[in-house]
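Sequence lines, in order, name chains R and W. The first sequence begins at 1 in UniProt numbering and counts up by one. The second sequence begins at 1 in UniProt numbering and counts up by one. Even glycine gets a Cβ: it sits at the ideal position worked out from N, Cα and C. Bear in mind that the values here come from a model prediction, so they are computed numbers and not experimental data. First up is the structure itself, then whatever we jot down about it.
There are 2 protein chains.
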Amino acid sequence: MAEPDDNDRHAEKMAKKKAARDKIMATKTDEKGLIIVHTGKGKGKSTAAFGMIFRHIAHGRKCAVVQFIKGGMQTGERDLIERHFADLCEFHTMGEGFTWETQDKRRDMEMAQAAWAKAKELIADPSNTMVLLDEINIALRYDYVDVGEVVAFLRDAKPPMTHVVVTGRNAKDELVDLADLVTEMELVKHPFRAGIKAQIGVEW
Amino acid sequence: MAEPDDNDRHAEKMAKKKAARDKIMATKTDEKGLIIVHTGKGKGKSTAAFGMIFRHIAHGRKCAVVQFIKGGMQTGERDLIERHFADLCEFHTMGEGFTWETQDKRRDMEMAQAAWAKAKELIADPSNTMVLLDEINIALRYDYVDVGEVVAFLRDAKPPMTHVVVTGRNAKDELVDLADLVTEMELVKHPFRAGIKAQIGVEW
Chain R
1 MAEPDDNDRH AEKMAKKKAA RDKIMATKTD EKGLIIVHTG KGKGKSTAAF GMIFRHIAHG
61 RKCAVVQFIK GGMQTGERDL IERHFADLCE FHTMGEGFTW ETQDKRRDME MAQAAWAKAK
121 ELIADPSNTM VLLDEINIAL RYDYVDVGEV VAFLRDAKPP MTHVVVTGRN AKDELVDLAD
181 LVTEMELVKH PFRAGIKAQI GVEW
Chain W
1 MAEPDDNDRH AEKMAKKKAA RDKIMATKTD EKGLIIVHTG KGKGKSTAAF GMIFRHIAHG
61 RKCAVVQFIK GGMQTGERDL IERHFADLCE FHTMGEGFTW ETQDKRRDME MAQAAWAKAK
121 ELIADPSNTM VLLDEINIAL RYDYVDVGEV VAFLRDAKPP MTHVVVTGRN AKDELVDLAD
181 LVTEMELVKH PFRAGIKAQI GVEW
């Protein structure tokens, strides 16, 4: 524990730190619609993306969600949004489960293509300030949706101030290259390994 | 793009994958209140934690938030919770900024101690199913709160079914050792580097 009498030294050190930080932050003046990627094997990719959607809702900003693969998850967020905030956030669940749940590639591809068509429509609508493409990385990985087409659309057709968030493991390099903000959620320790099952309020 | 005629082969492969996965998942039968750590230099630590709080709210489960350091951030989530869900989620902001903003170590320590006292009270209340200790890692790092005391309390006094989420960079090893679920948010690419400032709905 620090002694009270080092308070002055601390204040001086922190004043310097603040001055340096303020100077850096003063150079950050631009605004733009970001392409945000949440990837990696850890948890929190979709959860943090939904957290940003709730921020947009909190600020009264219009936003939209398209779920590409896992229709069965994020049901809590979906219920909450549909019950309370349907006027601010349009919600589309276009997939029915992971590909190993459906076992029908043709149908999965059709659904992924339909989800991508809906995503383009929502992104092109300038009244949406953020569009979340949840688990699109899985659809891209299995080539259910073509990454070149997605990159071209985001680069050329996205309104400049619209944020687009994409989630899922194994983000393709082309998308990472294009993105402004990329976070990799890394798994350090997971309760499944200790025999703990998925629990309400944590996993869904 | 896959040809439709490989649909049968795909179905067979995925059926095997599903069987293997179902077998593993069948061994995950336990439930317990988890200690969850979000750390690392990347974004999404607090955002994903608030996402879990919104899940609890969505399921009508009581929960609580104590913000240890950054009172100025997460204002969107705070507004949304206080306006719509105050009956389900108690919200306490006990810190006023980062330590380099306040420059007053004595006061920061007092505030961190008060936040920890409130946290203990909320965790001990078994009606709360999740308690979020937002940015407590910063208070622990500066020894404003003693990590040994936190670990002992979470290990010995936390009701068994209560989830506790701790966030912030530089999680202490003692807390990582105790935790059930640890995710490190890793920074891959950040728009500040390209001169883009913190933006509404993304950073707060």
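In the DSSP assignment, residue 150 of chain W falls outside any beta strand (DSSP E) and lies within the alpha helix (DSSP H) extending over 147-156. Cβ contact annotation for residue 53 of chain W (same chain, cutoff 7 Å, sequence separation greater than five): 63, 65, 89, 130 and 132, in chain order. In the structure shown, the three-state DSSP call for residue 111 of chain W is helix.
A Cβ of chain R is located within less than 7 Å of the beta carbon of residue 55 of chain W. In this structure, DSSP gives residue 134 of chain W an extended state, which the three-state scheme calls strand.
By the C-beta density criterion, residue 49 of chain R is buried, having at least 16 other C-beta atoms within 10 angstroms. Exclusion of the five residues before and after residue 141 of chain W leaves 170 as the residues of its chain whose Cβ lies within less than 6 Å of its Cβ. Cα atoms of residue 116 of chain R and residue 177 of chain W: separation of roughly 42 Å, rounded to the nearest angstrom. Residues of chain W with a Cβ closer than 9 Å to the Cβ of residue 163 of chain R are, in chain order, 199, 201 and 202. DSSP places residue 59 of chain R outside both helix and strand once states are collapsed to three, so it counts as coil. Nearest CB-CB separation between residue 128 of chain W and chain R: not below the 7 Å threshold.
Boundaries of the beta strand (DSSP E) around residue 167 of chain W: 163-167. Per DSSP, the unbroken alpha helix (DSSP H) holding residue 82 of chain R starts and ends at 75-84. In this model, residue 8 of chain R and residue 79 of chain W are separated by some 35 Å (Cα to Cα). When 9 Å is used as the limit between beta carbons, residue 104 of chain W is near these residues of chain R: 7, 10, 11 and 14, in chain order.
Relative to residue 59 of chain W, the option among W/22, W/35 and W/85 whose CA is nearest is W/85. Of W/81, W/30 and W/42, the smallest CA-CA separation from residue 55 of chain R is found for W/81. For residue 186 of chain W, the enclosing beta strand (DSSP E) covers residues 181-189.
Taking C-beta atoms as the reference points, residue 47 of chain W and residue 51 of chain R count as a pair closer than 7 Å.
Approximately 14 Å separates the beta-carbon atoms of residue 182 of chain W and residue 202 of chain R; this is outside 8 Å, ruling out the contact.
Residues of the stretch 77-92 of chain W whose Cβ lies closer than 7 Å to any Cβ of chain R, in chain order: 77, 79, 80 and 84. Of the candidates W/24, W/15, W/18 and W/10, the residue whose Cα lies closest to the Cα of residue 197 of chain R is W/24. Near chain W, meaning a CB-to-CB distance below 8 Å, the residues of the stretch 176-196 of chain R are 176, 179, 180, 181, 182, 183, 184, 185, 186, 187, 188, 189, 190, 191, 192, 194, 195 and 196. When DSSP states are grouped into helix, strand and coil, residue 68 of chain R belongs to the coil group. DSSP lists R/67 as the bridge partner or partners of residue 93 of chain R. When the beta-carbon positions are compared, residue 92 of chain W and residue 120 of chain W stay at least 7 Å from each other.
For residue 171 of chain R, the nearest beta carbon of chain W is not closer than 7 Å to its own beta carbon. Note on the stretch 4-53 of chain R: whole beta strand (DSSP E) runs with a minimum of 3 residues are 35-39, in chain order.
In this structure, DSSP gives residue 200 of chain R a state outside helix and strand, which the three-state scheme calls coil.
Around the Cβ of residue 172 of chain W, a 10 Å sphere holds 16 or more other Cβ atoms; the residue is buried.
Boundaries of the alpha helix (DSSP H) harbouring residue 178 of chain R: 173-178, taken from the DSSP string.
Ranked by how close their Cα comes to the Cα of residue 200 of chain W, the residues R/161, R/19 and R/104 have R/161 in first place. For residue 155 of chain R, no CB of chain W lies under 7 Å from its own CB, so it is not counted at the interface with that chain.
No Cβ of chain W is located within less than 7 Å of the beta carbon of residue 110 of chain R.
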